[in-house]
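So the structure is just underneath, and the comments pick up after that.
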Amino acid sequence: MLPAVTNEAHEVVLRTNGLVKRFGSITAVDGLDLEVRRGEVVGLLGPNGAGKSTTIGMVLGLITPTAGSAEVLGRDVRARREDALAGVGAMLEVTSFYPYLSGRDNLAAVAILRGGGALSRIDPLLARLGLQQRGGSKFRTYSLGMRQRLGIASTLLADPALVILDEPANGLDPAGQREIRELIRELAAENRGVLLASHLLYEVEQVCDRVLVIKKGKLIASGTIAEVTRGGSSYFEIVVADKRRASEVLRGLGVKEIRETPSGLDVVADPERGAELNRTLASAGLYASAIVPRASSLEDVFMELTEPEAPSAPPAS
Amino acid sequence: MLRLLRSEIYRLVRRWMPWIMLALIVITAFVLYFLIWASVNAQLQAVKSGAIPAPPGGTAQFDEALREIAPDRVAQFGVGIVAGLGSVMLIVFAASHVGTEFGWGTFRTLLAHGASRGGFLFSKAVSLFLYAVIFMVVGTIAAIGASYTVSAVAGISPGSGVDLGQVFEVAAKSGYTFLPYMAFALAIAVWAKSAGAGIAAGLVVYFAEGLVATILISLNKDYAQMVNWGLSRNASALTRTATSVQGQDPSFATLPDPTQAAIVLGVYCLIFLAVAYWRLRSRDVTVGS
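Quick note, the sequences are listed as chains A and B, same order. According to this note's numbering, the first sequence is numbered sequentially starting from 326. According to this note's numbering, the second sequence is numbered sequentially starting from 971.
Shown next, in the form of C-alpha cells:
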C-alpha cells in the first residue's frame, strides 16, 4: 500500500542523499544532496559534463547510482521505482517520440501507460502548449520547438507532483522561451515542484526560486538567486578615454581586479568605493564620462564558479 | 505491466510495418498459387501440343504438381509457403519491433514515464507472440483462399476440401518453430541496441545453423547427438510430423522426438528472453541509448 501523499505546501517532493555515480574511473556525480519542494522551481546548473543529466537519470531510475539514493514523495526510486515515478513528469534533454505517430497519438500512447485519467488531459495540454493545430501531424514533421512542446505536454499527463525539465527551451524562439518560462511559473503556482536543468542562465534567473550549481558532479553553490549572486564580485563600469593611465592610477588604490573593455575599464571593488574611484581619477586629471556600479549576474557567478582551473605549471627542471 | 502492453498494442496497430507484412503474405500466397498453376499448366499444354517432348513418366508429374494446388493439400503446400516466407518476415519484425525503440530513443522515453524494464520486455514479447499468431492465421486463410480460387480458375478438383483442423495444427506447429528465432533476434536487438543487428543475427542463425547441421550429419550420423540440441533440427522435428514430408530430409531418421523438440524450442525462447532481460536490467540508459 502506498504511503499517503499529501498536497501540503512545501512538502519535499524530491530528495537525493549522497548520490554518487561512477563510470569506470570517472566520477560523474559525487555525493549530491538536493531537495525540491512543492511550489518551488529549482535550477540545476553546471557546464557540459557537470553531471546534470546523470543526476536526472538517477532520479528517474534510468541510471543505477553507485551509492546514495533518490526519493520521490518519500518513495525510494530504486526500491519502488514505479510507485515513485507515478508522481513524476519528466522531459529529457533529447525529446524522443514515435516518428510514425501524430503528436496526439504519442501523448495517447504515454497516457495509456500512465493510466488514471491521463487520456482526458491530452486535448487541454495540446491547447496549453499551443499544439492543438498540429496535434494530428506526424511527430517526424515537427520542428525542434514543437518537439520540445510535445515533450513538456507529456510530462503533465500524469498530473505530477514533481516536474523535471532538462533543457526545455532548446530550439524555441524568444517568444516560445518566454511562454515556457511562464508555464514553469504556472506549474509552481499549481503547487508542483519543478527541477529545471538549463544552460540558459537568463531563463534560470527569471524562473527559479533556488539554484544548485554543480561542477564535476559536486555541488559547489546553492541557494536563492540573491544568495548565490551575493557571493560573486561587484564591480564598476568606468567609461574613460585614457584607459592605460586610468588603470595605472586605480591600481594604486589596491582594487581587486581591473579589466579593460572597449569603452573603458571594469574595476572590481567593493560597492562603497565608487566615490573614491571618481575622486582618484579626477585628481589625476582623468574625467570619467560614467562610473556605473554593477552587481554580478548569475551568469557572472556561474562563470566564476565553473571556469576551468588553470593548468598546473610544469615542474621546474 | 498491462498498461504498458495496452500502450504497445496501441502503437503497434498504428504502425505501417505489421499491416504491410500482412498484406504481403496475403498477396504472395495468391501470386505463388497462381504462378505455380500458370507455370505447370503451360508446360503441360506444351507437352500435350507436342511443342516440347514429354518427360519419361509422361504427364503424371505435371498432374501431381497441379494437385498440390487443390484445397486438400493446403496443410502441406499452402502452409509451407506461409511458413517459408513468414519465418523470415517475423524474424525481421521481431528485431525491428524492439531495436527501433533504441534507435528512436523511445525506450528512454517509456522508462522516464514510469515503465519498468521487465514490463518493456514483457509487452514486447507478448505483442510479438500475438502478432505471430495473427500473421499465421491470416497467412493460412490466404493460402486456403488462394487454393480455392486458383483451383476454381484452373478447373482442379478440390478433392476432399480443406481439413481446417489439420491445416491450423500444421500452421500452429510451424508458427511455434519461429518463436525461438524471433526471441533470438529480439535478444540481439536488445544487446546491440540495434534493429539491424537483430535482423542480421536472426537470419544468419535461421539459414546457416540448419545448413551446418545437415552437413555435419551427412559427414557422420553421430553428430546428430550434438546438432539435435540446436534450433533447426528441433524445428524440423516438429514440422516433419506436421507436414508428413518423410523422406525429403536425408537426415530424417536422426531427428529428435517431436515432444522433446517442442520442449527444447520452448526452453530456447525462455533463455533468449532471459538474456535480453538480464542485459536490459543491468544497463544504464543515457542520452546515447
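Don't be surprised by glycine CBs; every beta carbon is placed ideally from N, CA and C. This one's a predicted model, so the numbers in the text were calculated from it and none came from an experiment.
Where the alpha helix (DSSP H) through S1097/B begins and ends: Counting from one through the second sequence, the residue named residue 1097/B turns up at place 127. Here the alpha helix (DSSP H) through S1097/B covers 1087 to 1124.
Check whether the segment 1134 to 1149 of chain B and the segment 1014 to 1031 of chain B are in contact - that is, three or more C-beta pairs closer than 8 Å. no
Within this structure, are the beta carbons of G1168/B and I1158/B separated by less than 8 Å? Taking the first residue of the second sequence as 1, we reach residue 1168/B at position 198. Taking the first residue of the second sequence as 1, we reach residue 1158/B at position 188. Yes, the pair counts as a contact, with Cβ atoms nearer than the cut-off.
Mind checking if R474/A is an interface residue toward chain B, Cβ cutoff 8 Å exclusive? For the purposes of this step, residue 474/A is taken as residue 149 along the first sequence, with counting starting at 1. No, no contact with chain B.
Kindly indicate which residue of A353/A, L611/A, V419/A, R474/A has the alpha-carbon position closest to the one of L456/A. Against the first sequence, residue 456/A aligns to sequence position 131. Taking only the C-alpha atoms, the option nearest L456/A is R474/A.
Do I381/A and A522/A have their C-beta atoms closer together than 8 Å? As a first step, residue 381/A is located in the first sequence; it is residue number 56 there, counting from the start. As a first step, residue 522/A is located in the first sequence; it is residue number 197 there, counting from the start. In this structure, A522/A lies closer than 8 Å to I381/A by Cβ.
Go through the segment 525 to 604 of chain A residue by residue and report every complete run of the alpha helix (DSSP H) that reaches 4 residues or more, in order. 526 to 532, 550 to 555, 568 to 576
Is there a C-beta anywhere in chain A that falls below 8 Å from the one on R973/B? Residue 973/B sits at position 3 when you count from the first residue of the second sequence. Cβ-Cβ to chain A under 8 Å: yes for R973/B.
Against D430/A, what residues of chain B qualify as contacts under a CB-to-CB distance less than 7 Å, listed in chain order? By one-based count along the first sequence, residue 430/A stands at place 105. R984, listed in chain order.
Flag A1246/B as yes if its beta-carbon sits less than 8 Å from any beta-carbon of chain A, otherwise no. The residue you call residue 1246/B lines up with position 276 of the second sequence. Not one chain A Cβ lies under 8 Å of A1246/B.
Can you tell me which of the three DSSP states T1209/B falls into? As a working mapping, residue 1209/B is identified with position 239 in the second sequence. If DSSP states are grouped into helix, strand and coil, T1209/B belongs with the helices.
Do W1074/B and L1036/B have their beta-carbon atoms positioned less than 8 Å apart in this structure? Position 66 of the second sequence, counted from the start, is the residue given in the question as residue 1036/B. Position 104 of the second sequence, counted from the start, is the residue given in the question as residue 1074/B. Against a cut-off of 8 Å, the Cβ pair of W1074/B and L1036/B comes out as no contact.
Nearest-angstrom Cα distance between K1191/B and L1225/B? In the second sequence, the residue the question calls residue 1191/B occupies position 221. In the second sequence, the residue the question calls residue 1225/B occupies position 255. Whole-angstrom Cα-Cα distance: 11 Å.
Residue range of the unbroken beta strand (DSSP E) whose run includes L1081/B: Along the second sequence, one-based indexing puts residue 1081/B at 111. First-last for L1081/B: 1076 to 1082, but that is the alpha helix (DSSP H), not the beta strand (DSSP E).
I want to see whether chain B comes within less than 8 Å of Y423/A, judged by CB atoms only; does it? Within the first sequence, residue 423/A is the residue found at index 98, counting from 1. Yes, contact with chain B.
Using a Cβ cut-off of 8 Å (strictly closer), state whether A415/A contacts chain B. Position 90 of the first sequence, counted from the start, is the residue given in the question as residue 415/A. Yes, contact with chain B.
Going straight from the alpha carbon of Q1216/B to that of I979/B, what length do you get? Residue mapping note: residue 1216/B aligns to position 246 of the second sequence, counting from 1. Residue mapping note: residue 979/B aligns to position 9 of the second sequence, counting from 1. Reliability fails at Q1216/B, whose pLDDT of 45 lies under 50, so the model's placement of it is uncertain and the value that follows must be treated cautiously. One C-alpha to the other measures close to 40 Å.
Taking only the alpha-carbon atoms, compute the straight-line gap between A375/A and E1139/B and give it to the nearest angstrom. Position 50 of the first sequence holds residue 375/A. Position 169 of the second sequence holds residue 1139/B. Distance between the alpha carbons of A375/A and E1139/B: 60 Å.
For F1255/B, three-class secondary structure by DSSP: Counted from its first residue, the second sequence places residue 1255/B at position 285. The residue you asked about is not Phe; residue 1255/B is Val in the sequence shown. In the structure shown, V1255/B sits in coil (DSSP, three-state: anything other than H, G, I, E or B).
In whole angstroms, give me the CA-to-CA distance for T480/A and E396/A. The residue you call residue 480/A lines up with position 155 of the first sequence. The residue you call residue 396/A lines up with position 71 of the first sequence. Approximately 18 Å between the Cα atoms of the pair.
Span of the beta strand (DSSP E) around M416/A: Position 91 of the first sequence, counted from the start, is the residue given in the question as residue 416/A. Residues 413 to 416.
Counting only beta-carbon separations shorter than 8 Å, does H1067/B have a partner in chain A? Residue mapping note: residue 1067/B aligns to position 97 of the second sequence, counting from 1. By this cut-off, H1067/B is not an interface position.
Chain-ordered neighbours of W1074/B on chain A, where CB pairs are closer than 7 Å: Walking along the second sequence from the start, residue 1074/B turns up at place 104. Near W1074/B (Cβ distances below 7 Å), the residues of chain A are S421, Y423, P424.
Going by the beta-carbon positions, is the gap between G599/A and V564/A smaller than 8 Å? Here residue 599/A refers to the residue found at position 274 when the first sequence is read from its first residue. Here residue 564/A refers to the residue found at position 239 when the first sequence is read from its first residue. No, these two residues do not count as a Cβ contact at 8 Å.
Does the beta carbon of V626/A sit closer than 8 Å to a beta carbon anywhere in chain B? Stepping through the first sequence from its first residue, residue 626/A is reached at position 301. Chain B contact via Cβ: absent.
Have a look at D430/A, C533/A, E562/A and flag the residue whose alpha-carbon is nearest the alpha-carbon of L444/A. Residue 444/A sits at position 119 when you count from the first residue of the first sequence. Among D430/A, C533/A, E562/A, the Cα nearest to that of L444/A is on D430/A.
Burial state of M991/B (16 or more Cβ within 10 Å): Against the second sequence, residue 991/B aligns to sequence position 21. Buried.
Can you grab the Cα-Cα spacing for the pair A404/A / Q531/A, in whole Å? Here residue 404/A refers to the residue found at position 79 of the first sequence. Here residue 531/A refers to the residue found at position 206 of the first sequence. Those two C-alpha atoms are separated by around 36 Å.
For the 8 Å Cβ check, are there 3 or more pairs between the segment 1105 to 1117 of chain B and the segment 988 to 1004 of chain B? yes
What residues in its chain sit with their C-beta under 6 Å from that of S977/B, if we drop five residues either side in the sequence? By 1-based counting over the second sequence, the position of residue 977/B is 7. Around S977/B: no qualifying Cβ.
At a Cβ threshold of 8 Å, is L1081/B touching chain A? Counting from one through the second sequence, the residue named residue 1081/B turns up at place 111. Answer yes: the Cβ-Cβ gap between L1081/B and chain A drops below 8 Å somewhere.
State the DSSP-derived secondary structure class of P493/A, mapped to helix, strand or coil. Here residue 493/A corresponds to residue number 168 of the first sequence, with the count starting at 1. In the structure shown, P493/A sits in coil (DSSP, three-state: anything other than H, G, I, E or B).
Where do the ends of the alpha helix (DSSP H) carrying R363/A lie? In the first sequence, the residue the question calls residue 363/A occupies position 38. No alpha helix (DSSP H) contains R363/A, which DSSP labels as neither H nor E.
Residues in the segment 358 to 390 of chain A with C-beta within 8 Å of chain B's C-beta atoms, listed in sequence order? S378, T379, G382, L385, G386, L387, I388, T389
Rounded C-beta distance between L512/A and V413/A? I'm assuming under 8 Å. Your numbering for residue 512/A matches position 187 in the first sequence. Your numbering for residue 413/A matches position 88 in the first sequence. Their Cβ separation, rounded to whole angstroms, is 13 Å, which puts L512/A and V413/A out of contact at 8 Å.
Can the beta-carbon of S621/A be found less than 8 Å from the beta-carbon of T554/A? Working through the first sequence from its first residue, we reach residue 621/A at position 296. Working through the first sequence from its first residue, we reach residue 554/A at position 229. Result yes, Cβ atoms of S621/A and T554/A sit closer than 8 Å.
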